[in-house]
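Undergrad:
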Amino acid sequence: MIDLDYLHFLENILTDNRKEKFLKVLNNRTNHFTVAVEDIFQMHNTSAVMRSCEVFGIQELNVIEQRYGKRIDKEIAMGAQKWVDINAFDSISNCVDTLKNKGYQIIATTPHENDCLLEDFDISKPSALFFGTERDGLSAEILERADGFLKIPMVGFTESLNISVSAAIIIQSLTNRLQQSDINWHLTEEEILIKRLAWAKNSIKDIKRIEARYYEDNPR
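Everything in the sequence shown is counted per this note's numbering, starting at 8 for the first residue and increasing by one.
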């Protein structure tokens, strides 16, 4: 349960413009789609995918670090890590099982000839969009457990795109279609309250001291 008194206490520290911006952004956030990246060797690509999630309204990014355990590149993420939820997994099976249990279908993004084209993808089902490594693409385990496959239509000689570019194209296309649909894609009221609290804490300097003072004055 969210401590509404604490939320209001923190939001009173913020400017009105800041609070209005939070509400405007949250109104365009969704958990209908989520994104997963698998063992991205070049960390700036993971950071760039996170920026695309933030810009186009995807609230959660799932990062599988089975082989390469690296931190998010904060410079490239440009603050997106404050507004996007990062779920880290140490194995493919753990990530896939978790997302399936949440009700997501697993969608592997690949350049294979018979995959569903981006414009034909059914956006009605909650979907976890998986992106693979720059060198090898998605692993065999993810391809075997995928419920569907998705590709970007291309008409040139080049057969693939950099992962960060592919993710940006796919996320923008699908979220744009989602926002124009009749699907109930918005965050729930509880999810919005949770993010308001998290974002307020992320926006306040010396939050630990302020939090300690609040609970000292308002013991549970």
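Yeah, the Cβ is synthetic: ideal placement off N, Cα and C, and Gly gets one too.
Bear in mind the structure is a predicted one, so any value in this text is a computation, not a measurement.
Verify whether the separation of the beta carbon atoms of R25 and L194 is less than 8 Å.
TA: No, Cβ-Cβ distance for R25 and L194 is not below 8 Å.
Undergrad: If you drop the 5 nearest sequence neighbours on each side, which residues of the same chain put their C-beta closer than 6 Å to that of G155?
TA: These residues qualify, in order along the chain: I114.
Undergrad: Give me the residue from I217, M161 and Y222 with the minimum Cα distance to E126.
TA: Among I217, M161 and Y222, the Cα nearest to that of E126 is on M161.
Undergrad: Looking at C-alpha atoms only, which residue of E27, S134 and Q187 is the closest neighbour of T105?
TA: Selected option, being the one with the closest Cα: S134.
Undergrad: How many Å lie between V172 and D213 at the Cα?
TA: Distance between the alpha carbons of V172 and D213 is about 37 Å.
Undergrad: Going by alpha carbons, who is nearest to G110 out of S131, G139 and C123?
TA: Answer by Cα proximity: S131.
Undergrad: Determine, using beta-carbon pairs with one atom in the stretch 9–24 and one in the stretch 88–107, whether at least three such pairs fall under 8 Å.
TA: Segments in contact, no.
Undergrad: Tell me the DSSP secondary structure of T140 in three-state form.
TA: Correct three-state label for T140: strand.
Undergrad: Since Q95 is in the beta strand (DSSP E), which residue starts that stretch and which ends it?
TA: Inspection of the sequence shows that residue 95 is occupied by Ala rather than by Gln. Where A95 is concerned, the enclosing beta strand (DSSP E) stretches over D92 to F96.
Undergrad: Span of the beta strand (DSSP E) holding E197?
TA: First-last for E197: E196 to S210, but that is the alpha helix (DSSP H), not the beta strand (DSSP E).
Undergrad: Kindly indicate which three-state DSSP category H51 falls into: helix, strand or coil?
TA: Looking at H51 - three-state DSSP - the assignment turns out to be helix.
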